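> The listed protein sequences correspond, in order, to chains A and R. Okay, so the first sequence: first residue is 0 according to numbering that gives the first Met the number 0, each after it adds one. Okay, so the second sequence: first residue is 0 according to numbering that gives the first Met the number 0, each after it adds one. We put the beta carbon where it would ideally sit given N, CA and C, even for glycine. Please read these numbers as outputs of a predicted model, since none were measured by experiment.
Number of protein chains: 2
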Amino acid sequence: MLKADAQDVSGGEGPTATTTTTTTTKERIVVAALQTLRAEGFAGTSARAIARTGGFNQALIFYHFGTLSDLLLAALDRTSTDRMARYRSMVAEANSISDLVGIASRIYQEDLEAGHITVLSEMIAGSLSRPDLGPEVVRAMEPWIDFAEEMIRKVLQGTPFASLLPPRTVAFAVVALYLGVDLLDHLDGDHSRAEEMFQTAEKISEILEPMLGAAR
Amino acid sequence: MLKADAQDVSGGEGPTATTTTTTTTKERIVVAALQTLRAEGFAGTSARAIARTGGFNQALIFYHFGTLSDLLLAALDRTSTDRMARYRSMVAEANSISDLVGIASRIYQEDLEAGHITVLSEMIAGSLSRPDLGPEVVRAMEPWIDFAEEMIRKVLQGTPFASLLPPRTVAFAVVALYLGVDLLDHLDGDHSRAEEMFQTAEKISEILEPMLGAAR
DNA sequence: GTCTATACTTGGATAGAC
DNA sequence: GTCTATCCAAGTATAGAC
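1) Tell me which residues of the region 147-167 of chain A have at least one Cβ-Cβ distance to chain R shorter than 8 Å, keeping chain order.
2) Hey, residue 174/R and residue 144/R are a contact pair by Cβ (cut 8 Å); roughly how many whole angstroms apart?
3) Against chain A, does residue 192/R count as a neighbour if the rule is that its beta carbon must be under 8 Å from one of theirs?
4) Do the region 152-160 of chain A and the region 146-154 of chain R touch if we need at least three Cβ pairs shorter than 8 Å?
5) Would you tell me roughly how many angstroms separate the C-alpha atoms of residue 82/R and residue 141/R, rounded to the nearest one?
6) Could you have a look at residue 211/R and say whether DSSP puts it in helix, strand or coil?
7) With a 10 Å radius around its C-beta and 16 neighbouring C-beta atoms as the bar for buried, classify residue 39/A as buried or exposed.
8) Which first and last residues belong to the alpha helix (DSSP H) in which residue 190/A is found?
9) Could you work out which residues of chain A lie near residue 187/R, taking near to mean beta carbons separated by less than 7 Å?
10) What's the gap between the Cα of residue 129/R and the Cα of residue 210/A?
11) Could you have a look at residue 120/A and say whether DSSP puts it in helix, strand or coil?
12) Roughly how many whole angstroms lie between the Cα atoms of residue 172/R and residue 67/R?
13) On the criterion of 16 or more Cβ atoms from any shown chain inside 10 Å, does residue 28/A qualify as buried, or is it exposed?
14) For residue 134/R, is the classification buried or exposed, using 16 other Cβ atoms within 10 angstroms of its Cβ as the cut-off for buried?
15) Short check: CB of residue 181/A to CB of residue 111/A, under 8 Å?
16) Is there a Cβ from chain A that is less than 8 Å from the Cβ of residue 204/R?
17) Check whether the region 30-50 of chain R touches the region 29-38 of chain A, counting contact only when three or more Cβ pairs, one atom from each stretch, lie closer than 8 Å.
18) Which runs of the alpha helix (DSSP H), 4 residues or longer, sit entirely within the region 86-145 of chain R?
19) Please report whether the beta-carbon of residue 101/R lies at a distance below 8 Å from any beta-carbon of chain A.
20) Kindly list the residues whose CB is nearer than 8 Å to the CB of residue 217/A, restricted to its own chain and excluding five residues on each side of it in sequence; keep chain order.
21) What does the alpha-carbon distance come out to for the pair residue 51/R and residue 65/R?
22) Tell me, to the nearest whole angstrom, how far the beta carbon of residue 195/R is from that of residue 165/A; I am working on the premise that it is less than 8 Å.
23) According to DSSP, is residue 179/R helix, strand or coil?
24) Pick from 184/A, 31/A, 69/A and 71/A: whose alpha carbon is nearest that of residue 137/R?
25) Cβ closer than 9 Å: which chain A residues qualify as neighbours of residue 199/R?
26) Scan the region 115-137 of chain A for residues whose Cβ lies nearer than 9 Å to a Cβ of chain R and list them as they occur along the chain.
27) Looking at C-alpha atoms only, which residue of 31/A, 57/A, 207/A and 161/A is the closest neighbour of residue 73/A?
28) Distance, Cα to Cα, residue 102/R vs residue 125/R?
29) Quick check on the DSSP output: the alpha helix (DSSP H) that includes residue 53/A runs from which residue to which?
30) Report, in whole angstroms, the separation of the C-beta atoms of residue 26/A and residue 97/A, which I expect to be a contact under 8 Å.
31) Using DSSP with H/G/I as helix, E/B as strand and the rest coil, what is residue 70/A?
32) DSSP three-state call for residue 219/A: helix, strand or coil?
33) Where does the unbroken alpha helix (DSSP H) through residue 42/R begin, and where does it stop?
34) What residue does the alpha helix (DSSP H) around residue 57/A start on, and which one ends it?
35) Assuming residue 22/A and residue 63/A make a contact with CB atoms under 8 Å, what is their CB distance in whole Å?
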C-alpha cells in the first residue's frame with residue numbers, strides 16, 4: 000500500500016473515461032501539493048516549492064487554480080475524499096469495539112507512513128495565518144468527526160457505555176487524538192509510542208468486550 | 000541547555016534588583032513573538048510581523064537573538080517553563096483521578112484562552128518546514144510527557160488500572176489529545192466540544208473512583 | 001496549456017549612523 | 001542598544017510569447 004493512492008482519478012473531465020490513469024496536469028499539481036505539504040509543512044509549501052516537487056512550471060498553479068490557497072484546499076479535499084473511501088471500506092467489517100480499535104490501529108499506520116494526517120494538521124495549523132483557509136478547513140474536518148461519531152455510535156449501541164459516552168463528544172476526542180498523535184509522531188519519528196497506544200487500546204477493548212455481551 | 004536565559008527577570012543586569020517587573024527589550028521581543036505565534040500562526044510569524052506586534056524595530060530581533068529560529072525557540076522555552084510552573088502548582092493538591100481530570104479541565108480552559116498550547120502546536124507543525132527547529136521542539140515537548148507520566152503514575156498507583164495502563168503510553172496519549180483538541184478548538188472557535196469532553200471525563204472518573212477505593 | 005519574463009511584495013539578515 | 005537604510009532571496013501573481 001503506502002503510495003498506492005496518488006489517486007483514483009477515473010471520473011475525469013474529458014470524454015476519455017477509460018480505466019487508464021490519465022494523469023492530467025491539474026492532478027499532477029494536486030499530488031505535488033500534497034507531497035510538499037507532507038515533506039515541508041504548510042510554511043514550506045509555496046507555489047515555487049510545489050512546482051519544484053512536481054517538476055512543472057510555477058505559473059501553471061495559477062493558471063489551473065487561480066491562487067495558492069485554492070490549490071491547497073483542492074489538495075485537502077482530495078486526500079480527505081480518498082481517505083474517507085478507504086476508511087469506509089476498511090471499517091465495513093467492524094462490529095465490535097475491539098474490531099474498530101484494531102482497524103483504527105492499522106489505518107493509522109497507513110496514514111502515518113503516507114502522511115495523510117500530516118496534511119490535515121498542517122492545513123489546520125496553517126489556517127491561522129491565512130484566514131481564508133479557516134472556514135474551508137473546518138468544512139473538510141466535519142466529515143471526519145461525523146464518520147467517527149457514526150462508528151462510535153454503531154459500536155456503543157446497546158452497551159452500558161452508551162449512556163455514559165456521548166458519541167459526538169467521543170468522536171471529537173478521537174479525531175483530536177489522531178491529529179495530536181500524528182503531530183508528535185512526525186516530530187521525532189519515534190513511532191513506538193503510538194504503536195503501544197493502539198496495543199493498549201486493543202488490550203483494553205478485548206477485556207471490556209466480554210463484559211458487555213456481543214455488542215451487536 | 001537550550002537558551003537557559005529567556006529568563007524569569009528578577010535577576011536583571013542593572014543594580015535595581017527591585018520586585019518591579021523591569022521589562023527588558025529582550026523580554027518584550029519574546030512576548031511579541033508569542034503573541035504573533037498565537038494570532039498569526041507559525042507561517043505568519045515573520046520577524047517583521049513580530050516587530051509590528053511589539054511595536055519595535057525589526058533589526059532588534061537579530062541583534063538580540065541572532066536568527067528568527069532562535070527567537071522562536073526562546074519563546075517556546077519561555078511558555079513551556081512558565082506553564083510548567085503553573086501546572087505544577089495547580090496539580091500539587093491532586094490525589095485522585097477525578098481531582099486530576101478536574102484540574103486538567105480548568106487548566107485547559109486557561110491554556111485555551113491564553114493560547115499557550117497553540118504556540119506548541121504551531122511550533123511543532125512549523126518545525127517540518129525548518130528542520131533546525133525539530134530537535135529543539137522535541138526537547139521542549141519531553142518535559143510535558145514526563146510531567147503527564149508522573150501525574151498518571153501517581154494517580155494510578157495501587158489501582159487495578161496500573162497493570163493495564165502503561166503510564167508512559169497514557170501520558171503520550173494525553174499530551175497528544177491536548178494538542179489535538181486545542182488545534183480543533185482554535186480552528187472554528189467552538190469550545191463547547193472540548194468542555195463536554197472534559198465533563199464526560201470527569202463523570203467517568205467519578206464513577207470509576209469508588210470502584211478502586213481511595214487511590215491513595 | 002505551458003513556458004519565459006517580469007512586476008511587485010515580503011522576508012531574513014547586515015552595515016553603519018546615532 | 002536602537003534606528004535607518006539597504007542587500008538579496010523568495011514569494012504571489014500576471015502578461016504575453018509559443
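Quick answer:
1) 163, 164, 165 and 167
2) So it is a contact: roughly 5 Å between Cβ atoms.
3) yes
4) Contact fails: fewer than three Cβ-Cβ distances are below 8 Å.
5) 14 Å
6) In the displayed model, residue 211/R falls within coil according to three-state DSSP, outside both helix and strand.
7) Buried is the label assigned to residue 39/A, since at least 16 other Cβ atoms lie within 10 Å of its Cβ.
8) Residue 190/A -> no alpha helix (DSSP H), and no H or E assigned at all.
9) 137
10) 49 Å
11) Residue 120/A: helix per DSSP, three-state reduction.
12) 31 Å
13) buried
14) Classification for residue 134/R: exposed.
15) At a Cβ-Cβ threshold of 8 Å, residue 181/A and residue 111/A count as neighbours.
16) no
17) no
18) 96-113 and 115-125
19) no
20) Chain A is shown only over 0 to 215; residue 217/A falls outside these bounds and no answer can be derived.
21) If you take the alpha carbons of residue 51/R and residue 65/R, they lie about 18 Å apart.
22) 7 Å
23) helix
24) 184/A
25) 163, 164, 165, 168, 169 and 172, listed in chain order.
26) 117, 120, 121, 123, 124, 125, 126, 127, 128, 129, 133, 134, 136 and 137
27) 31/A
28) 29 Å
29) Counting along the chain, the alpha helix (DSSP H) containing residue 53/A begins and ends at 46-53.
30) About 38 Å separates the two Cβ atoms, so there is no contact after all.
31) helix
32) Outside the displayed span of chain A (0 to 215) sits residue 219/A, for which this structure offers no information.
33) Here residue 42/R belongs to no alpha helix (DSSP H), and DSSP marks it neither H nor E.
34) 57-64
35) Not confirmed; about 13 Å, so no contact.
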